[in-house]
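Have a look at the structure below, then the notes.
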Amino acid sequence: MNSVIELENVTKIFTNTQGIIRRKKKRVYALHDVNLSIGEKEILGLIGESGSGKTTLGLAVLRLLDLEGGRILFKGKDILSMDKREIFKFREKTEMIFQDPYGSLNPVQSVYKIISTPYKVFNKNVKERDVIEKVMDTLEMVGLTPPEQYLAKYPNQLSGGQRQRVGIARAIITNPEFLVADEPVSMLDVSLRADVLNILLESRLKLGTSILFISHDIAVTQYVSDRIAVMHLGQIVEIAESTELVNNPLHPYTQTLINSIPIPDPKKKWDTSEPKALAGEYNNEGKNECSFARKCPFVMDRCRNSRPKMIEKGDKHYVACYLYE
Ligand SMILES: Nc1ncnc2c1ncn2[C@@H]1O[C@H](COP(=O)(O)OP(=O)(O)OP(=O)(O)O)[C@@H](O)[C@H]1O
Ligand code: SF4
Ligand SMILES: [Mg+2]
Numbered sequence: 010m011n012s013v014i015e016l017e018n019v020t021k022i023f024t025n026t027q028g029i030i031r032r033k034k035k036r037v038y039a040l041h042d043v044n045l046s047i048g049e050k051e052i053l054g055l056i057g058e059s060g061s062g063k064t065t066l067g068l069a070v071l072r073l074l075d076l077e078g079g080r081i082l083f084k085g086k087d088i089l090s091m092d093k094r095e096i097f098k099f100r101e102k103t104e105m106i107f108q109d110p111y112g113s114l115n116p117v118q119s120v121y122k123i124i125s126t127p128y129k130v131f132n133k134n135v136k137e138r139d140v141i142e143k144v145m146d147t148l149e150m151v152g153l154t155p156p157e158q159y160l161a162k163y164p165n166q167l168s169g170g171q172r173q174r175v176g177i178a179r180a181i182i183t184n185p186e187f188l189v190a191d192e193p194v195s196m197l198d199v200s201l202r203a204d205v206l207n208i209l210l211e212s213r214l215k216l217g218t219s220i221l222f223i224s225h226d227i228a229v230t231q232y233v234s235d236r237i238a239v240m241h242l243g244q245i246v247e248i249a250e251s252t253e254l255v256n257n258p259l260h261p262y263t264q265t266l267i268n269s270i271p272i273p274d275p276k277k278k279w280d281t282s283e284p285k286a287l288a289g290e291y292n293n294e295g296k297n298e299c300s301f302a303r304k305c306p307f308v309m310d311r312c313r314n315s316r317p318k319m320i321e322k323g324d325k326h327y328v329a330c331y332l333y334e
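Counting the sequence shown from 1 gives a position; this note's numbering is that position plus 9.
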């Protein structure tokens, strides 16, 4: 499978100031030596607790952040050394779907304006009649039918599920080759989630879009993703095909995440943002140790003095843990 996106040893450090009187600078490795690839037409799920670096990774692959180290390639081209023309093309071919269907749409723009704007930016001389047709087709694709009924509406006249469909329509109208969907259903009612997820699956099928699907929710991630990567404190600790990862988690952190999924209850969210077993303040300061060493029940001396490398422990199943070396 050809890669659409490749991350090679990607490192992103944020410097935060702490303390009111003695102001100390603290470096947080939001991404620490990340290697990852997303294939053509692949949906790659990215899971991990809050603060593990998922959004940072999503922003980095869309060229919305500088890096402290490593490279990100889009179809073989380093995205940080693109010229203006290449960046314009890159922007056309990559899009993002946001978590918040309420805050991510401009409240004073009509649905038509919101969805048509990116299309017009990348199709300069297109006739208005063709734009209307394209917007209507896209509205149909995301299940907002009959489309004429939605064109003149404003976000406050739509439900959360309908707004998220408008967000997806805006993202797919340019036929992107790569999409980042950051928690796209976490703010929606459980009853609406499957519909929105199916729209993403359909756009992959119809448009061939590759998707980085970021979520706290393992069940939702398994439903949409071909493979799942697990992040912990800025590092990818395990990656495998979705069913394999959920049925046979190898890394102690993944095992804790999967064991923390509550018994399905339709009234409850399956949210692993702060699994009880992992609660507690701890940031990645870039130490030369396994990112899970301070919480792992199997920790050994070597885990505290070096970082395990990713190794293949089964068909396309990779894990970074000394228990498997
Ligand atoms: N702009 C920023 N400035 C300073 N620190 C940041 C910034 N963005 C993220 N961080 C830090 O980087 C780390 C990773 O954050 P990130 O938002 O990528 O995590 P996440 O996995 O998306 O979390 P969540 O599940 O809560 O969305 C955290 O420690 C966070 O505090
Ligand atoms: S490398 Fe060591 S500390 Fe890290 S997960 Fe494996 S056993 Fe635990
Ligand atoms: Mg996030």
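Beta carbons are placed, not taken as given, at the ideal position from N, Cα and C, and that holds for glycine.
Practice item. Going by CA-CA distance only, name the one from Ala161, Gln108, Arg313, Lys50 that's closest to Ile123. Key: Ala161
**Study point:** Residue from Glu77, Asp75, Phe99 whose Cα sits closest to the Cα of Lys86
**Key:** Phe99
Check your understanding: Hey, quick one: how far does the beta strand (DSSP E) through Thr26 stretch, first residue to last?
Key -> 12-27
Exercise for review: Whole angstroms is fine: what's the gap from Glu192's alpha carbon to Asp92's?
Suggested key: 31 Å
Exercise for review: Name the two residues that bound the continuous alpha helix (DSSP H) containing Ala178.
Suggested key: Annotation: the continuous alpha helix (DSSP H) that includes Ala178 extends over 169-181.
Check your understanding: Could you give the C-beta distance for Lys84 and Val13, rounded to a whole number, given that I count them as a contact under 8 Å?
Key -> 6 Å
Check your understanding: Quick one: is Thr24 buried, meaning 16 or more other Cβ sit within 10 Å of its Cβ, or exposed?
Key -> exposed
Point to revise | Helix, strand or coil at Ala228 according to DSSP, with G and I counted as helix | key: helix
Review point. Going by the C-beta, is Glu195 closer than 6 Å to any heavy atom of ligand 1?
Key: Reading off the sequence shown, one finds Ser at residue 195, where the question assumed Glu. Every heavy atom of ligand 1 is 6 Å or more from the Cβ of Ser195, so no.
Check your understanding: For Pro127, which residues from the same chain have a beta carbon less than 7 Å from its beta carbon, with the 5 sequence-adjacent residues on both sides left out?
Key -> Arg179, Ile182, Thr183
Review point. On the premise that Glu250 lies in contact with Leu259, defined as a C-beta separation below 8 Å, what is that separation, rounded to the nearest angstrom?
Key: With 8 Å as the limit, Leu259 and Glu250 do not qualify as a contact, their Cβ atoms being about 13 Å apart.
Exercise for review: Mark Thr5 as exposed unless 16 or more other C-beta atoms lie within 10 angstroms of its C-beta, in which case mark it buried.
Suggested key: This structure gives no information on residue 5, because the portion of the chain shown stretches from 10 to 334.
Check your understanding: With DSSP run on the structure shown, which of helix, strand or coil describes Met150?
Key -> In this structure, Met150 counts as helix in the three-state DSSP scheme.
Check your understanding: Gln108 lies in the beta strand (DSSP E); which residues open and close that run?
Key -> Gln108 -> no beta strand (DSSP E), and no H or E assigned at all.
Check your understanding: When you compare each of Pro185, Val205, Thr230, Arg138 to Gln171 by their alpha carbons, which one comes out closest?
Key -> It is Val205.
**Study point:** Beta-carbon proximity list for Val120, same chain, < 7 Å, skipping 5 on both sides
**Key:** Tyr159, Leu160, Lys162, Val175
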